Amino acid sequence: LIQRWDPSITRDAILHWFDVMLPDGWIPREHFIGGESRQGIDPGRWAQLPYHANPPSLLLALETLIESGEASRPYLQCLY
Numbered sequence: 019l020i021q022r023w024d025p026s027i028t029r030d031a032i033l034h035w036f037d038v039m040l041p042d043g044w045i046p047r048e049h050f051i052g053g054e055s056r057q058g059i060d061p062g063r064w065a066q067l068p069y070h071a072n073p074p075s076l077l078l079a080l081e082t083l084i085e086s087g088e089a090s091r092p093y094l095q096c097l098y
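Using the numbering used here, you'd call the opening residue of the sequence shown number 19 and step up by one each time.
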């Protein structure tokens, strides 16, 4: 939805998601920043397991950017 309104916001969000990618390619779903963010959350839910995956919504957004011509070659190279 945001991509239709302003593709630059989508490009920026995708860059940030790829920036948090771990060396093995895993992109965590949730990010705990500081001790307060963990309060009220069961410690058993803190760990994220790589075999618990979400739908490929990040890839769908990237595919739409590419197909619409909103993802330039330099942008895609930056992701790689």
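Glycine included, every Cβ here is placed at the ideal spot set by N, Cα and C. Keep in mind it's a predicted model, so treat the numbers as computed, not measured.
Open item on the list: According to DSSP, simplified to helix, strand and coil, what is alanine 89?
Closed with: Residue mapping note: residue 89 aligns to position 71 of the sequence shown, counting from 1. Under the three-state reduction of DSSP, alanine 89 is assigned to coil, being neither helix nor strand.
Task: Secondary structure of glycine 58, DSSP reduced to three states - done: In the sequence shown, counting from the first residue as 1, residue 58 sits at position 40. Here glycine 58 sits in coil by DSSP.
TODO: Indicate the three-state DSSP secondary structure (helix, strand or coil) for tryptophan 44 in the structure shown.
DONE: Counting from one through the sequence shown, the residue named residue 44 turns up at place 26. Tryptophan 44: coil per DSSP, three-state reduction.
Task: Candidates Arg91, Glu54, Leu83, of which the one nearest threonine 28 by Cα - done: As a first step, residue 28 is located in the sequence shown; it is residue number 10 there, counting from the start. Out of Arg91, Glu54, Leu83, Leu83 has the C-alpha closest to the C-alpha of threonine 28.
- [ ] Within the same chain, show all residues whose beta-carbon is closer than 7 angstroms to that of isoleucine 20, passing over the 5 residues directly before and after it, in chain order.
- [x] Here residue 20 refers to the residue found at position 2 when the sequence shown is read from its first residue. These residues qualify, in order along the chain: Ile27, Thr28.
TODO: Consult DSSP for proline 74 and reduce its assignment to one of helix, strand or coil.
DONE: As a first step, residue 74 must be located in the sequence shown, where it is residue number 56. If DSSP states are grouped into helix, strand and coil, proline 74 belongs with coil.
Task: Span of the alpha helix (DSSP H), counted from its first residue to its last, around aspartate 37 - done: Your numbering for residue 37 matches position 19 in the sequence shown. Segment 25-37, the alpha helix (DSSP H) holding aspartate 37.
Task: Rounded separation between alanine 31 and alanine 79 - CA only - done: Within the sequence shown, the letter at position 13 stands for residue 31. Within the sequence shown, the letter at position 61 stands for residue 79. Distance between the alpha carbons of alanine 31 and alanine 79 is about 10 angstroms.
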